[in-house]
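**Q** Going by the working numbering, the residue at position 34 of the sequence shown is 37; the numbering climbs one at a time, nothing skipped.
All C-beta atoms, glycine included, are put in the ideal place defined by N, C-alpha and C.
Predicted model only: the values in this text are computed from it and were never measured.
Below are the structure tokens for one structure; questions will follow.
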Amino acid sequence: MPVLYAAGTGYMDYLAVIFYTTIYQIMKVLTIVCLALGLTIGAQAQIKKASLQAAGLTCAMCSNATLKSLQTLPFISKVDTDLDNTTFLLYFKPGAAVNVDQIQQKVDDAGFSVAKLVLTADFDGLKVEKDSHVPYAGNTLHFVNVKDQELKGETALTVIDKNFVTARQFKKYSAQTKMSCYQTGVMEDCCKPGGKQAAKRILHVTI
């Protein structure tokens, strides 16, 4: 808001008004910049899509039943199918909270099971290591059997929780981590402080 210099006002008072008005304008600009940066950072923490392989599909009707079941999930914008590989390509709505357990439940409701689920997520320099717990996009990710690395851009994460792999695979991954949260799928005493500040559900993934 512009400030007018009134006749008779002391010069020092005038300078004070100008000073505080300038500070006010600067604070407004900084607030807008901070909000813009916050939106940008938030947008980067996004699970964008997933590749879902279903087990037990034997015909087109089976695939159609699974497709229709998945399409009812509110965070899914589109589902494409690859019938040759019994795979569904799931595209998530921007900014939506993705719940992998609901995806698994919808496949189960159709009468089938998840053979493999690979998530594609955006990262901006996230450092991970074996058994690190990382809050991400409303989930807590537990990285199992990964090398120390920095994740940048789109990265494929394979979900390895009990209902997303075969019994044989689950046994293999169980031998690769001593943390009890992998057996239960929820936060346990083994979880690091970073995980305790996020969701109770621990989503176990590997790269």
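Which residue's Cα is closest to the Cα of ILE163: LYS155, LYS150 and LEU144?
**A** LEU144
**Q** Considering Cα atoms alone, identify which of LEU120, ASP125 and GLN108 is closest to PRO97.
**A** Of the candidates LEU120, ASP125 and GLN108, ASP125 places its Cα closest to the Cα of PRO97.
**Q** Does the beta-carbon of GLY45 have 16 or more other beta-carbons within 10 angstroms, so that it is buried, or is it exposed?
**A** Residue confidence for GLY45 is low, a pLDDT of 39 falling below 50, so the modelled location carries little weight; the figure read from the coordinates is stated next. Label assigned to GLY45: exposed.
**Q** For a test of the three-state rule: what should DSSP assign to ILE44, helix, strand or coil?
**A** Interpretation of ILE44 is limited by its pLDDT of 40, a score under 50 that renders its predicted location unreliable; no figure is taken from the coordinates.
**Q** For GLU191, I'd like the list of residues in its chain whose CB is within less than 6 Å of its CB, leaving aside the five on either flank, ordered along the chain.
**A** SER183 and CYS184
**Q** If we count the other Cβ atoms within 10 Å of its Cβ and call it buried at 16 or more, is ALA57 buried or exposed?
**A** The residue is buried, with at least 16 neighbouring Cβ atoms inside 10 Å.
**Q** For the structure I just gave you, are there three or more beta carbon pairs, one from the stretch 127-135 and one from the stretch 95-113, closer than 8 Å?
**A** no
**Q** In angstroms with no decimal places, state the Cα-to-Cα distance between GLN49 and CYS193.
**A** 26 Å
**Q** Between GLN186 and THR75, what straight-line distance do the alpha-carbon atoms span, to the nearest angstrom?
**A** 29 Å
**Q** Report buried or exposed for GLN107, applying the criterion of at least 16 other Cβ atoms within 10 angstroms of its Cβ.
**A** buried
**Q** What residue range does the beta strand (DSSP E) around ASN142 cover?
**A** 142-146
**Q** Between which two residues does the alpha helix (DSSP H) carrying LYS175 extend?
**A** 170-177
**Q** Note the first and the last residue of the continuous alpha helix (DSSP H) segment covering ILE106.
**A** 103-112
**Q** For THR90, which residues in the same chain have their Cβ closer than 7 Å to its Cβ, ignoring the five residues on either side in sequence?
**A** For THR90, where only same-chain residues beyond five positions count, the Cβ hits under 7 Å are SER54, LEU55 and GLN56.
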